[in-house]
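A short worksheet on the structure shown next.
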Amino acid sequence: MSIARKLYLAPSLLSANFTRLGEDVQMLEEAGADFLHVDVMDGHFVPNITIGPPVIAALRKVTELPLDCHLMISDPDRYLEDFAHAGATYITVHVEAALHLHRTIDRIRQLGCRPGVTLNPATSLSTLEDILPYVDLVLLMSVEPGFGGQAFIPTLFRRAERLRQMLASCGRSDCLVEADGGIKLDNIRAVYDSGVDVVVSGSGIFGTPNPTLTMKQMREACAA
Numbered sequence: 344m345s346i347a348r349k350l351y352l353a354p355s356l357l358s359a360n361f362t363r364l365g366e367d368v369q370m371l372e373e374a375g376a377d378f379l380h381v382d383v384m385d386g387h388f389v390p391n392i393t394i395g396p397p398v399i400a401a402l403r404k405v406t407e408l409p410l411d412c413h414l415m416i417s418d419p420d421r422y423l424e425d426f427a428h429a430g431a432t433y434i435t436v437h438v439e440a441a442l443h444l445h446r447t448i449d450r451i452r453q454l455g456c457r458p459g460v461t462l463n464p465a466t467s468l469s470t471l472e473d474i475l476p477y478v479d480l481v482l483l484m485s486v487e488p489g490f491g492g493q494a495f496i497p498t499l500f501r502r503a504e505r506l507r508q509m510l511a512s513c514g515r516s517d518c519l520v521e522a523d524g525g526i527k528l529d530n531i532r533a534v535y536d537s538g539v540d541v542v543v544s545g546s547g548i549f550g551t552p553n554p555t556l557t558m559k560q561m562r563e564a565c566a567a
C-alpha cells in the first residue's frame, strides 16, 4: 500500500486511568491524538460492562477531539439518540448486532453523527457489500471484542487489504478503515501498510512508560 495516507491515532480510553480521565484526555490532546476511541460495552453482546452516554457527555465538555464511539451492545438502535446528544462524533455499530443495518446507519446520520460499522475477526467481509456506500468508517476488530490487552489476530492484514479493494470498487475510497485490538509500536507499521487509516491502541499506548513518546514513535514508524 502507498504510505502517503494520513495516519489517525485513536487512543482507546478503555485503558486510561478512570480516576483521572480528564488529565489523560489532556495528555492525549497534547500528544497529538486525532480521535478518542470510546468502547461502550453492555455485558450482553460482550461479557464486559464499561460506560454510557453520561461519560460521553463529560468527555465532550473537556475536549473538542472527535469522539469515536464503538457500540458493543446488543440493541444499538435503542441508544443512538442518547450517544448522539451526548456528543459522539462517530457512532459505530456491529453488523452482528444491528438487525436493520441500513435503518441504523440512516438514523445515525440523521442525528448529525458519522456512521460506522464494525466486524468481529471471524465475520465475513461479504456482510459489508450492500452497506459500504453509506458509511464513513469501517472498524475491523483484530481481537475478539470485550476486553483490552489481548493478542493481535494477524488475519487483520488480509482483511484490511481486501476491504480497501471493496471500497475502491464502490467508489468509497474516502471511507476510513479502522483497526482495533493488540496494536502496538512493534506492529503498527504493518497494520498501516495493510490499508488501515485509523489505529486504535489502548494498552499499546497507556501500558508504556511514556504514552506521549510512544505516540510520537508510532507516527514515526508509519512515516519512515
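Here the sequence shown is numbered in our numbering, starting from 344 and rising by one per residue. Glycine included, C-beta positions come from ideal geometry on N, C-alpha and C.
*Can you check DSSP and say which residues form a bridge with D536?*
As a working mapping, residue 536 is identified with position 193 in the sequence shown. Partner(s): none; D536 has no beta bridge.
*How far does the alpha helix (DSSP H) with I448 in it reach, from first residue to last?*
The residue given as residue 448 occupies position 105 in the sequence shown. Looking at the DSSP string, the run of the alpha helix (DSSP H) that includes I448 is 444 to 453.
*Span separating the alpha-carbon of R562 from that of V539*: In the sequence shown, the residue the question calls residue 562 occupies position 219. In the sequence shown, the residue the question calls residue 539 occupies position 196. Whole-angstrom Cα-Cα distance: 13 Å.
_Local Cβ density within 10 Å of V569, reported as buried at 16 or more and exposed below that_ = Only positions 344 to 567 of the chain appear in the structure, and residue 569 is not among them; the question remains open.
*So is E521 buried or exposed if we call it buried at 16+ other beta carbons inside 10 Å?*
Within the sequence shown, residue 521 is the residue found at index 178, counting from 1. The residue in question, E521, is buried, as its Cβ has 16 or more Cβ neighbours within 10 Å.
*Cβ contact check for the region 391 to 401 and the region 369 to 380: 3 or more pairs under 8 Å*: no
_Can you give me the C-alpha to C-alpha distance between S345 and D536, rounded to a whole angstrom?_
Locating residue 345 in the sequence shown gives position 2, counting from the first residue. Locating residue 536 in the sequence shown gives position 193, counting from the first residue. Residue placement at S345 is poorly supported in this model, since its pLDDT is 46, which falls under 50; the coordinates are not used for a value here.
*asked:* I need the boundaries of the alpha helix (DSSP H) containing L556, first residue and last residue.
replied: Within the sequence shown, residue 556 is the residue found at index 213, counting from 1. That run of the alpha helix (DSSP H) goes 554 to 566.
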